[in-house]
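Scroll down for the structure; my scribbles are underneath it.
2 protein chains.
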Amino acid sequence: MYLRYLEDLDANGQPTASSDELAHLCGTTPAQVRKDLSFFGSFGKRGLGYPVHALTAHLREILGLGREWKVVIVGAGKIGAALANYRGFLQRGFRVVGIYDNSSDKVGQRWGELVIRDTSTLADDVRHEEALIAVVAIPGEDAQALVDTLVAAGIRAILNFAPAKVTVPAHVSLKSVNMAMELEGLSFALTHATTTGTSA
Amino acid sequence: MYLRYLEDLDANGQPTASSDELAHLCGTTPAQVRKDLSFFGSFGKRGLGYPVHALTAHLREILGLGREWKVVIVGAGKIGAALANYRGFLQRGFRVVGIYDNSSDKVGQRWGELVIRDTSTLADDVRHEEALIAVVAIPGEDAQALVDTLVAAGIRAILNFAPAKVTVPAHVSLKSVNMAMELEGLSFALTHATTTGTSA
DNA sequence: ATACCTTTGTGAACTATTTCACAAGCAACG
DNA sequence: CGTTGCTTGTGAAATAGTTCACAAAGGTAT
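Listed below in structure tokens is the structure:
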């Protein structure tokens, strides 16, 4: 989050930013900003604030964005399409090296640079390309089986959009995004509407 | 999360579930399950566990899913399409009452039940339909202006997929999902790979 | 009815996170 | 070159969240 706002500031040519300013941008507190950043090192200058450009570079390094990550997208539905199109990924060093689907209607279609391939070739491709990150955007009922295949093929991190419980072994990282659950969270907030509004 | 797994158990006809079983399903601990549920009431029977069917009903009520929520989707791109298609929403009581876009190519297209309308009519429609939830899936640079319009029109909760900082007044709930940030989290986990794998 | 087994609900202990508050450091200015 | 005005970095205090552990129930079997 800090990285995102620091990039904006950097693009505007602002040389430094105080914890107070960053806190305001990120919707947190100055003390929080300082504690968070101090966990990784001592980046600021007292009396001045944090050097915007240098700090963005540091954070990128910390996040592991100094390299290119190969990503495969599984599922050429609407969500797969949205992700394949999303220019933000490449900017951040995530290169989509393959899109997969198991519907013969879709296999062979060209999306930009890439041609949709059959899921049966996925495991070999992952191994060959040494892709480490996979985005799963397929129906919930197929998700666990596919994830198991991905893990066996050497995938190390999975971003899951399938609305299903998915389990991975300890050496694999997993993040799940479930749209229905997000809406239910909003429903709860509306129902118990003493809530103070969140910003982000 | 509990609701999701309880629904599965209920569909399987399982009459009760212990905190231990729920914890296992949800990837948490029995004590956590008991504390969480006890916050809202005393639903279990000692020696037996929690009554699956009754507890799903309770949780649905707690989450405010006992009613129908009207939802508008703004942005008829890939993400908007994915959400409009998603059957899970209706099942959970979220009815999409309108899809909006400001591109004249898209306005007038029919998507299932709904015809894409021009964003200029959005505010009036929201007021008229009394929609309280909006999903924002438009380019980042237009997001804040649109959100301001939505808030002025009476929207009370926003699920934001636009990759941009968005602020809302205190009486409005906001959740943002940022795909690039999710991937960056995975990149961090991979880079500092002592991480224990997460399940969810 | 009683003994026994299971599992909840919940204070208390523990752990983690956030906030406070201030000494130390740096820049700017006269 | 000292003085002034900011702002960091960080221990300590406060708050929040999780886990422990056990008394109180409820069920079951005899």
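Protein chains in written order, with the numbering used here: chain Z, 1001 to 1200; chain U, 1001 to 1200. The beta-carbon is built from N, C-alpha and C at its ideal position, and this holds for glycine as well. Remember, predicted model here, so these are calculated numbers, not experimental data.
Residue of the options minimising C-alpha distance to residue i
| i | options | result |
| --- | --- | --- |
| residue 1084 of chain U | U:1022, U:1073, U:1020 | U:1073 |
| residue 1117 of chain U | U:1130, U:1075, U:1170 | U:1075 |
| residue 1021 of chain U | U:1064, U:1048, U:1063 | U:1048 |
| residue 1129 of chain U | U:1103, U:1098, U:1005 | U:1098 |
| residue 1172 of chain Z | U:1044, U:1108, U:1105, U:1188 | U:1188 |
| residue 1119 of chain U | U:1103, U:1028, U:1109, U:1027 | U:1103 |
| residue 1101 of chain Z | Z:1037, Z:1138, Z:1009 | Z:1138 |
| residue 1069 of chain U | U:1142, U:1131, U:1192 | U:1131 |
| residue 1019 of chain Z | Z:1032, Z:1009, Z:1013 | Z:1032 |
| residue 1121 of chain U | U:1111, U:1113, U:1107, U:1112 | U:1107 |
| residue 1012 of chain Z | Z:1046, Z:1042, Z:1192, Z:1052 | Z:1052 |
| residue 1027 of chain U | Z:1174, Z:1035, Z:1109, Z:1113 | Z:1174 |
| residue 1003 of chain U | Z:1043, Z:1181, Z:1034 | Z:1181 |
Coil, strand or helix - residue i by DSSP
| i | result |
| --- | --- |
| residue 1127 of chain U | helix |
| residue 1090 of chain Z | helix |
| residue 1185 of chain Z | helix |
| residue 1196 of chain Z | Because residue 1196 of chain Z sits at a pLDDT of 46, beneath the cut-off of 50, its placement in the model cannot be relied upon, and the point is left open. |
| residue 1012 of chain Z | coil |
| residue 1166 of chain Z | coil |
| residue 1114 of chain U | strand |
| residue 1132 of chain Z | coil |
| residue 1107 of chain U | coil |
| residue 1095 of chain U | strand |
| residue 1072 of chain U | strand |
| residue 1085 of chain Z | helix |
| residue 1176 of chain Z | strand |
| residue 1143 of chain U | helix |
C-beta atoms of residue i and residue j nearer than 8 angstroms
| i | j | result |
| --- | --- | --- |
| residue 1186 of chain Z | residue 1159 of chain U | yes |
| residue 1126 of chain Z | residue 1150 of chain Z | yes |
| residue 1071 of chain U | residue 1095 of chain U | yes |
| residue 1170 of chain U | residue 1136 of chain U | no |
Rounded Cβ spacing between residue i and residue j (contact assumed at less than 8 angstroms)
| i | j | result |
| --- | --- | --- |
| residue 1190 of chain Z | residue 1092 of chain U | So it is not a contact: roughly 14 angstroms between Cβ atoms. |
| residue 1176 of chain U | residue 1166 of chain U | 7 angstroms |
| residue 1078 of chain Z | residue 1081 of chain U | 5 angstroms |
| residue 1144 of chain U | residue 1164 of chain U | 7 angstroms |
| residue 1040 of chain U | residue 1062 of chain U | 5 angstroms |
| residue 1030 of chain Z | residue 1023 of chain Z | 5 angstroms |
| residue 1086 of chain U | residue 1179 of chain Z | 6 angstroms |
| residue 1025 of chain Z | residue 1050 of chain Z | Contact flag wrong, Cβ pair sits at about 12 angstroms. |
| residue 1184 of chain U | residue 1065 of chain Z | 7 angstroms |
| residue 1056 of chain Z | residue 1105 of chain Z | Rounded, the Cβ-Cβ distance is 43 angstroms, inconsistent with contact. |
Within the segment 1032-1070 of chain Z, ranges of the alpha helix (DSSP H) (whole runs, at least 4 residues): Fully enclosed alpha helix (DSSP H) runs of 4 or longer: 1052-1063.
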